[in-house]
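What follows is a single structure, written as structure tokens, with notes after it.
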Amino acid sequence: MRRLRTALLALLIPLALVIGILLGGHPDWLPGFARDTLVADSDGRQYEQAIDKIEADYYRKVDREKLLNKSLESAVESLDDQFSHYFSPSEYHSFQLDTEGAFEGVGMSVAEVPEGLRVTQVYDGSPAKEGGLKEGDVIVEADGKSLEGKNSDQSTALIKGPAGSEVTLKLKTGRVFKLKRAKVDIPIVQHRQETQDGKKIGWVSLAGFTSGSGDDVEKAVKDELKKGATGIVFDLRHNGGGLLNEAVEVASVFLPEGRVVSTKGRARPERVYNATGGAIDDKIPVVVLVDEGSASASEIVTGALQDRKRAKVVGTRTFGKGVFQEIEQLDNGGALDITVGEYFTPSGRNLGGGGVRKGAGITPDIQASDDPKTERDEALDKALETVAAG
């Protein structure tokens with residue numbers, strides 16, 4: 001099953017959705033809900049007895065914390081849910097930085113492919129750019145570990161890390177790159193003005209739904225309108241998602257009121273999220289540009305604007321992630337990030353993708369894709385034509 005999923009590798013995974021939940025070294029390290037749900041008293045005693053035995057008698061010295069992390073990771077993997085993860089303390093710290101928009105890594109965006117990760121964008125001034133990585137490169141190993149068969153979160157976790165540390169990447173071609181990670185200034189929101197059929201069109205791109213994205217998108221859109229734009233192309237290609245509340249804020253830039261998304265889970269009652277008030281005139285034409293790397297929060301915004309007939313959708317079918325996760329921090333500094341429910345667009349659509357299944361995604365109103373062999377961006381051209389036509 002070919003899954004294409006973008007992670008902002010600054011290594012940027014905004015947002016991300018990172019890997020494994022581990023059933024525990026010390027059951028008392030787990031939060032109450034996890035301990036009560038995952039570890040019965042007798043199971044906890046048996047588990048701790050086994051860990052104690054390994055730590056005391058194994059013929060080589062073992063790291064108890066590493067045993068804890070590995071066992072929790074294995075427990076989450078047994079859920080067969082590609083979106084449920086366990087974060088080790090260091091991974092959780094990186095995840096928090098990512099969602100806050102503070103990135104330390106090699107400075108590129110990637111998409112998941114069967115062999116590993118395909119580079120979709122390399123940022124100027126980044127270690128990846130200076131090291132010679134290019135768009136289209138396929139990374140198959142990180143520090144000697146194969147990325148084949150791993151999801152994007154598992155793969156990016158092997159590549160990102162603190163500034164000053166090093167990582168060795170191997171490409172499908174056999175080339176090897178040794179990069180020193182750094183603090184990378186990633187432009188989450190970019191915008192510029194285009195001209196189509198004599199009309200000024202504002203292009204606004206969002207790389208990930210990190211903290212403050214809603215405000216940044218609103219500022220960018222309003223800036224383009226002040227410059228005379230008569231319509232907006234909102235580019236969510238390669239955007240793998242992020243924070244739910246920011247998705248609602250971004251949708252609110254274009255929607256005056258009403259439902260954006262609803263969520264529901266086995267242990268979670270239905271909750272409806274409404275737009276907080278349109279920031280721009282709802283008569284301004286809008287096109288949302290998507291691809292197979294548009295997932296999660298990107299699909300929430302796209303689905304809301306499509307269902308509410310506020311925008312036309314141009315591009316290729318989106319990833320298909322109709323489930324959401326909740327994060328619970330553990331006493332050891334790590335965290336559980338597990339799927340707790342599904343979300344539904346205003347019309348009641350669920351995009352699927354729970355467990356190991358690939359969801360249906362969102363089908364664009366107008367199909368368009370970019371030809372990587374040409375210098376033009378054919379998908380963007382089609383989006384501009386659509387906006388100009390009103």
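First residue of the sequence shown: 1, per my numbering; consecutive thereafter.
Ideal Cβ placement from N, Cα and C applies to all residues, glycine included.
None of the values given here were measured: they were computed from a predicted structure.
Among the residues of its own chain, which have a CB less than 7 angstroms from the CB of V140, if the five just before and after it don't count? E115, G116, S146, L147, E148, K170, L171 and K172
In DSSP terms, what I338 is bridged to: E326
Verify whether the separation of the beta carbon atoms of S88 and G242 is less than 8 angstroms. Cβ distance not < 8 angstroms, so S88 and G242 don't count as in contact.
In whole angstroms, give me the CA-to-CA distance for A360 and E257. 27 angstroms
Which whole runs of the beta strand (DSSP E) in the stretch 204-266 are 3 residues long or more, in chain order? List check, beta strand (DSSP E) in window: 231-235 and 259-265.
Verify the CB distance criterion: does S347 have a CB-CB separation below 8 angstroms to chain D? Reference to chain D is not applicable here, since this structure consists of a single protein chain.
Cα separation between L336 and E65? 16 angstroms
Could you spell out where the alpha helix (DSSP H) holding I300 opens and where it closes? For I300, the enclosing alpha helix (DSSP H) covers residues A297 to D307.
Determine the burial state of K312: buried for a count of at least 16 other Cβ atoms within 10 Å of its Cβ, exposed for fewer. buried
Taking the beta strand (DSSP E) that R64 falls in, what are its first and last residues? Where R64 is concerned, there is no enclosing beta strand (DSSP E), although the alpha helix (DSSP H) around it starts and stops at R64 to E77.
Mind checking which residues open and close the beta strand (DSSP E) that includes K312? Under the DSSP assignment, K312 falls in the beta strand (DSSP E) whose first and last residues are K312 to G315.
According to the neighbour-count rule (16 or more other Cβ atoms, all chains shown, within 10 Å of its Cβ), is S165 buried or exposed? Residue environment: S165 is assigned as exposed (fewer than 16 neighbouring CB atoms within 10 Å of its CB, all protein chains considered).
For G277, I'd like the list of residues in its chain whose CB is within less than 7 angstroms of its CB, leaving aside the five on either flank, ordered along the chain. Here the set comprises S252, P256 and E257.
Among the candidates H85, D282, G105 and K134, whose CA atom is the shortest distance from the CA of P372? Nearest option by C-alpha distance: K134.
Among G341, P162 and E55, which one has its Cα closest to the Cα of F95? P162
Check whether the stretch 298-310 touches the stretch 318-331, taking contact to mean three or more Cβ pairs, one atom from each stretch, closer than 8 angstroms. yes
Leaving aside the five residues before and after W29 along the sequence, list all residues of the same chain whose C-beta is less than 8 angstroms from its C-beta, in chain order. Reliability fails at W29, whose pLDDT of 38 lies under 50, so the model's placement of it is uncertain and the value that follows must be treated cautiously. Excluding positions up to five away in sequence, the list reads L68, L330, D331 and N332.
Excluding the 5 residues flanking Y123 on each side, which residues of the same chain have their C-beta closer than 7 angstroms to its C-beta? G107, M108, K129, V184 and I186
Return yes when the Cβ of N239 is within less than 8 angstroms of the Cβ of A207, no when it is not. yes
Identify every run of the beta strand (DSSP E) within the stretch 95-161, keeping only runs that are complete inside it and at least 3 residues long; order them along the chain. 103-105, 108-113, 116-122 and 138-142
Taking its Cβ as the centre, do 16 or more other Cβ atoms sit within 10 Å of Q190, making it buried, or is it exposed? exposed
For L382, three-class secondary structure by DSSP: In the sequence as presented, Leu is not what sits at residue 382; that position holds Lys. Residue state, collapsed to three classes: helix.
Hey, would you say T339 sits closer than 8 angstroms to S84, going by beta carbons? Pairing T339 with S84 gives a Cβ-Cβ distance under 8 angstroms.
For D370, the three-state DSSP class (helix, strand or coil): coil
When you compare the CB positions of L305 and F254, do they come within less than 8 angstroms of one another, or not? A contact, by the Cβ cut-off of 8 angstroms.
Per-residue DSSP class, three states only, for Q196: strand
Beta-carbon proximity of Q196 to E385, cut-off 8 angstroms: yes
Between R259 and V248, which are expected to be in contact by the criterion C-beta below 8 angstroms, what is the C-beta distance as a whole number of angstroms? Wrong, their Cβ atoms sit about 10 angstroms apart, outside the cutoff.
Assuming E292 is part of the beta strand (DSSP E), what are its boundary residues? Unbroken run through E292: none, as it is neither H nor E.
Spell out the partners DSSP gives H85 in its beta bridges. D337
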